[in-house]
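Chemist:
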Amino acid sequence: TIKNLLRNIFLGDKPTIQYPEEKREYSERFRGVHILNKRPDGSPKCVACFMCATVCPAECIYIEAGESPDNTIEKYPVRFEIDMLRCVFCGFCVDACPEEAIIMSKETECSFYSVSETVYKKEFLLNRPSLEKGELGYRPNINPNLRGKGGKFLPISYYNNSKKSKS
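In structure tokens:
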């Protein structure tokens, strides 16, 4: 009643934060803006397999493949675009990618001044701020039994090394 109302108003937790100065903590499963991963030489990890574009329910990913100058890689994306106005942040593209070329960050700010800025091109996606070491961003459908301590996702190199040691 009134006693509870006054207690909640004056003594309760304040749900409001001072946004630009304070940022909210997001869970491990949060799906933010996309990042296109690079190889050590700076080229995109993407091999233009079109799996992310095929699985995308919003059809917001456009890839144009070209022949790679590197003999170890068959194709690479000449053009890789994500239309952020159509994207529903489902994470299917991240799950479908066999090379872990595309990941989702925990970045929430996605504002535009013009409609032309809503299409993220390959150069922009490659130069996104990288995630902290060992943190891959959102990885849907990873087996929960393969998580590290505290339920955090482990980098894919952990799984690859454990497979090699079993062979």
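Residues in the sequence shown are numbered consecutively from 406, following the working numbering.
Even for Gly, the Cβ is constructed at its ideal location relative to N, Cα and C.
Quick caveat, the model's predicted, so the values are computed rather than measured.
Hey, would you say the C-beta of HIS439 is under 6 Å away from at least one heavy atom of the ligand FAD?
Modeler: The ligand FAD is not among the ligands present in this structure, which contains no ligands whatsoever.
Chemist: Since LYS443 contacts ARG484 with CB under 8 Å, what's their CB separation in whole angstroms?
Modeler: Not really, about 17 Å apart at Cβ, beyond 8 Å.
Chemist: Starting from ALA470, follow its DSSP beta bridges and name the residues at the other end.
Modeler: PRO482.
Chemist: Could you say if the region 508-515 and the region 475-483 meet the contact criterion of at least three C-beta pairs nearer than 8 Å?
Modeler: No, they do not touch.
Chemist: What would DSSP say about LEU441, mapped onto helix, strand or coil?
Modeler: In the structure shown, LEU441 sits in a strand (DSSP, three-state: E or B).
Chemist: If you drop the 5 nearest sequence neighbours on each side, which residues of the same chain put their C-beta closer than 6 Å to that of PHE435?
Modeler: Answer for PHE435: LYS511, listed in chain order.
Chemist: Only counting the same chain, and skipping five residues up and downstream in sequence, which positions put a Cβ closer than 6 Å to that of LYS493?
Modeler: Reading the sequence as shown, one finds Val at residue 493 and not Lys. Same-chain partners within the cutoff: ALA463.
Chemist: Three or more C-beta pairs closer than 8 Å, one from the region 487-504 and one from the region 440-455: is that the case here?
Modeler: With a cut-off of 8 Å, the region 440-455 and the region 487-504 count as touching, because enough Cβ pairs lie within range.
Chemist: So PHE455 packs on ILE440, CB below 8 Å; how close in whole Å?
Modeler: That pair is no contact at about 19 Å.
Chemist: Taking the alpha carbon of CYS498 as the reference point, which residue from PRO534, GLU426, VAL460 has its own alpha carbon closest?
Modeler: Taking only the C-alpha atoms, the option nearest CYS498 is VAL460.
Chemist: Suppose the cutoff is 7 Å on Cβ atoms and the five residues either side in sequence are ignored; what does the same chain contact list for CYS495 look like?
Modeler: Once the five neighbours on either side are set aside, the close Cβ partners of CYS495 are PRO462.
Chemist: Going by beta-carbon coordinates alone, are CYS465 and ARG491 separated by less than 7 Å?
Modeler: Contact: yes.
Chemist: Hey, how far is the Cα of THR406 from the Cα of ILE422?
Modeler: If you take the alpha carbons of THR406 and ILE422, they lie about 27 Å apart.
Chemist: THR523 and PHE517 look like a contact to me (Cβ under 8 Å); what is the Cβ gap, rounded to whole Å?
Modeler: So it is a contact: roughly 5 Å between Cβ atoms.
Chemist: Using a Cβ-Cβ cutoff of less than 8 Å, which residues in the same chain neighbour GLY417 once the five nearest sequence positions on both sides are dropped?
Modeler: There are no such residues.
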